[in-house]
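Structure first, commentary second.
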Amino acid sequence: MDYKTYKIGGHSIGGDFSNPTLLIGSLFYSGQNIVSDPDKGIFNEDKAKTLIKKQKNCSRLFEIPICIDLVAETPEAMNRYLHFVSEEFQGPIIIDGFIKARIEGLKLAKDLGIMNRIIYNSIWKNQNIELETMKETGLKTAILFAYDVADSSASKRFSILTEGTAKYESLLSIAKKVGVTQLLIDNVLTTDLFSLSDAIESNIMIKSMFGYPVGCGPANINYLLSKAENAVLDKRTSRIIRETAVNSMAQLFSDFILIGPIERMEKACVGVNIINKIKMNLNFDPFDLLKKE
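The structure is reproduced here in structure tokens:
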């Protein structure tokens, strides 16, 4: 099985383990201080431009591919956000947020002629109107949400991807029906630190068997600080160490990482750059454990 590489917004995503990991930072997320009215999509443009500029500078400095996860709560907000981001940033853009906002994002992206830069988040328990819009707008790239609330094991994630559930078809079948051909598999992390073990196992399994780019979002588990950690380190230092350890471990077995708020991009790039260099010099393929010839 050859590893699949996608060219999106000038960046290559996936491929073999020596390729740099794509970093995804969220913009206009709930509670972000640059957003004054999330319903209307009113935000501080100067501050948003600064955040995007920092992200682009990091990408150039460390030669790391980057992507903006554009999160909107309403169609009106999505309209404002996407017009702005598509002009300020030429890389891949993830359409994210509430359902109606995501649908508006797909329609607007088609009108703007930027569907070749769009990644939809996500294919998972979708409403029919979402699936219809994916097909109508010619969506080609989407994140597949390999996760079950009741069971986060690697076997269950694989089953959701390939077999589906009693209520939903398999994610692969749904993607095929709506015409999505470039699949990014997100092995979702919970707040439980040990869910990273399940995600890593799933990443290896899915990448080696299907070749699709795989990844996860470590941000969910970075907030949990144990009493033991707080007893020997101050909260800020403990959090930095935990973020670094978790992100590094996740990145070793991922083609893309959702880092959470875009404000974390500079720290993330420094850490990812180190891991990328180490990966490039490995004499074995981390994903080759189950790979089928």
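Position 100 of the sequence shown, counted from 1, bears residue number 95 in our numbering, the numbering being contiguous throughout.
For glycine and all other residues, C-beta sits at the position ideal for the given N, C-alpha and C.
Every value quoted in this text rests on a predicted model; they were computed, and no experiment measured them.
When DSSP states are grouped into helix, strand and coil, Val183 belongs to the coil group. Of the candidates Tyr115, Ile61, Ile216 and Glu99, Glu99 places its Cα closest to the Cα of His78. In the assembly as shown, Asn121 is a buried residue. Its beta-carbon has 16 or more other beta-carbons within 10 Å. In the structure shown, the three-state DSSP call for Ser249 is coil. Across the structure, Val183 and Thr176 are spaced so that their CA atoms are roughly 21 angstroms apart. From the listed residues Ile124, Leu178, Leu228 and Ala141, the smallest Cα separation to Leu156 is found for Ala141. Here DSSP, grouped into helix, strand and coil, assigns Tyr76 to helix.
Excluding the 5 residues flanking it on each side, Lys49 has same chain C-beta neighbours closer than 7 angstroms at Met260 and Glu261, in chain order.
Note on the region 25 to 75: whole beta strand (DSSP E) runs with a minimum of 3 residues are 30 to 32 and 61 to 67, in chain order. For Val209, the enclosing beta strand (DSSP E) stretches over residues Val209 to Cys211. DSSP places Phe189 outside both helix and strand once states are collapsed to three, so it counts as coil. Rounded to the nearest whole angstrom, the CA to CA distance from Ser54 to Phe189 is 30 angstroms. Separation of Ile8 and Thr16 (C-alpha to C-alpha, rounded to the nearest whole angstrom) is 8 angstroms.
Asp181 sits close to Ser117, with the two beta carbons spaced by under 8 angstroms.
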